[in-house]
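Oh and the sequence shown: position 43 is 48 in the numbering used here, straight run, nothing missing.
Where is the CB? At the ideal position from N, CA and C, for every residue including glycine.
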Amino acid sequence: MPGAPAAGADPCPDVEVVFARGSGEPPGIGGIGQPFVDALRSQIGSRSLAVYAVKYPASTDFSNPDFPATVIDGIRDASSHLESMVASCPNTREVLGGYSQGAAVAGYTTSAVVPPGVPASAVPPPMPPEVAKHVAAVTLFGTPSGQFLQKYHAPPLAIGPLYQPKTLQLCAVGDPICGTGGGDDLAAHTSYPVNGMTNQAAQYVFSHL
Numbered sequence: 006m007p008g009a010p011a012a013g014a015d016p017c018p019d020v021e022v023v024f025a026r027g028s029g030e031p032p033g034i035g036g037i038g039q040p041f042v043d044a045l046r047s048q049i050g051s052r053s054l055a056v057y058a059v060k061y062p063a064s065t066d067f068s069n070p071d072f073p074a075t076v077i078d079g080i081r082d083a084s085s086h087l088e089s090m091v092a093s094c095p096n097t098r099e100v101l102g103g104y105s106q107g108a109a110v111a112g113y114t115t116s117a118v119v120p121p122g123v124p125a126s127a128v129p130p131p132m133p134p135e136v137a138k139h140v141a142a143v144t145l146f147g148t149p150s151g152q153f154l155q156k157y158h159a160p161p162l163a164i165g166p167l168y169q170p171k172t173l174q175l176c177a178v179g180d181p182i183c184g185t186g187g188g189d190d191l192a193a194h195t196s197y198p199v200n201g202m203t204n205q206a207a208q209y210v211f212s213h214l
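The structure is reproduced here in structure tokens:
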């Protein structure tokens, strides 16, 4: 079944993290996703935890006319995986997360409506409301700001109403991607594993399971 857990994995884990990596990171959950998952794993005790890495290019070629389609690939993969898991593993508590471009992918995945100005035929439909009941928490690291999205002609990012009460957005001090101060401290954008925020996110998720 598309989107089902990998062979050899617990077919229905107690908890599953669906995570979208950041721009330019190799396939997997990336340098922010792994410390977050490790921190969560240390907190949930004997409960089983599975991880699903959202499949999308995580391209750094933001100015390429085909770039939006690569983000849509991620939204489609994340939403189809979540819908598949809800159907096949209704008791699994899902955690949706992402870093940088991946945080935008995860955020758009929660949208209740197609963003303004985007043709409905170009994007996957919003997930059914039922899915939200199975998503325990959403954790977003370094989500691109509205200013950053506008610079690359991306639609505004609106977390769906069903997900807003259980969404944690973390932005490191000085991070120029999620911040609005116009700074250029790119080191801040990669600081999440060492600034305590991956642990903070894990604690947030644990409190919502």
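Beta carbon of residue i nearer than 7 Å to that of residue j
{"i": "phenylalanine 216", "j": "glycine 36", "result": "The chain is shown only over 6 to 214; residue 216 falls outside these bounds and no answer can be derived."}
{"i": "phenylalanine 146", "j": "tyrosine 104", "result": "yes"}
{"i": "isoleucine 77", "j": "valine 128", "result": "yes"}
{"i": "leucine 101", "j": "alanine 108", "result": "no"}
{"i": "alanine 206", "j": "leucine 173", "result": "yes"}
{"i": "valine 91", "j": "valine 136", "result": "yes"}
{"i": "histidine 86", "j": "tyrosine 61", "result": "no"}
{"i": "serine 4", "j": "phenylalanine 72", "result": "Missing from the structure shown is residue 4; the chain here goes from 6 to 214 and no further."}
{"i": "valine 59", "j": "aspartate 82", "result": "yes"}
{"i": "glutamine 48", "j": "phenylalanine 153", "result": "no"}
{"i": "glutamine 106", "j": "glycine 184", "result": "no"}
{"i": "alanine 159", "j": "histidine 213", "result": "no"}
{"i": "isoleucine 182", "j": "threonine 115", "result": "no"}
Secondary structure of residue i, DSSP reduced to three states
{"i": "phenylalanine 67", "result": "coil"}
{"i": "glutamine 205", "result": "helix"}
{"i": "glutamine 174", "result": "strand"}
{"i": "isoleucine 5", "result": "Any property of residue 5 remains undetermined from this structure, which presents the chain solely from 6 to 214."}
{"i": "aspartate 82", "result": "helix"}
{"i": "leucine 87", "result": "helix"}
{"i": "serine 28", "result": "coil"}
{"i": "serine 272", "result": "There is simply no residue 272 to check, as the chain begins at 6 and stops at 214 in what is shown."}
{"i": "serine 93", "result": "helix"}
{"i": "isoleucine 182", "result": "coil"}
{"i": "alanine 12", "result": "Because alanine 12 carries a pLDDT of 46, less than 50, the predicted location of this residue cannot be relied on, and no value is offered for it."}
{"i": "methionine 6", "result": "Note on methionine 6: pLDDT 43, under 50, position unreliable in the model; the coordinate value appears next. Three-state result, methionine 6: coil."}
N- and C-terminal bounds of the beta strand (DSSP E) containing residue i
{"i": "tyrosine 57", "result": "54 to 58"}
{"i": "leucine 191", "result": "Run containing leucine 191: none in the beta strand (DSSP E); it sits in the alpha helix (DSSP H), 191 to 194."}
{"i": "valine 21", "result": "Note that residue 21 corresponds to glutamate in the displayed sequence, not to valine. Segment 20 to 25, the beta strand (DSSP E) holding glutamate 21."}
{"i": "valine 100", "result": "98 to 104"}
Host alpha helix (DSSP H) of residue i (start-end)
{"i": "glutamine 39", "result": "35 to 46"}
Any C-beta of chain B under 7 Å from that of residue i
{"i": "alanine 83", "result": "In the structure shown, chain B cannot be found, because there is only a single protein chain."}
>> As an exercise, report each continuous alpha helix (DSSP H) stretch of at least 4 residues that is fully enclosed by the stretch 106 to 176, in chain order.
In response: 106 to 114, 134 to 137 and 151 to 156
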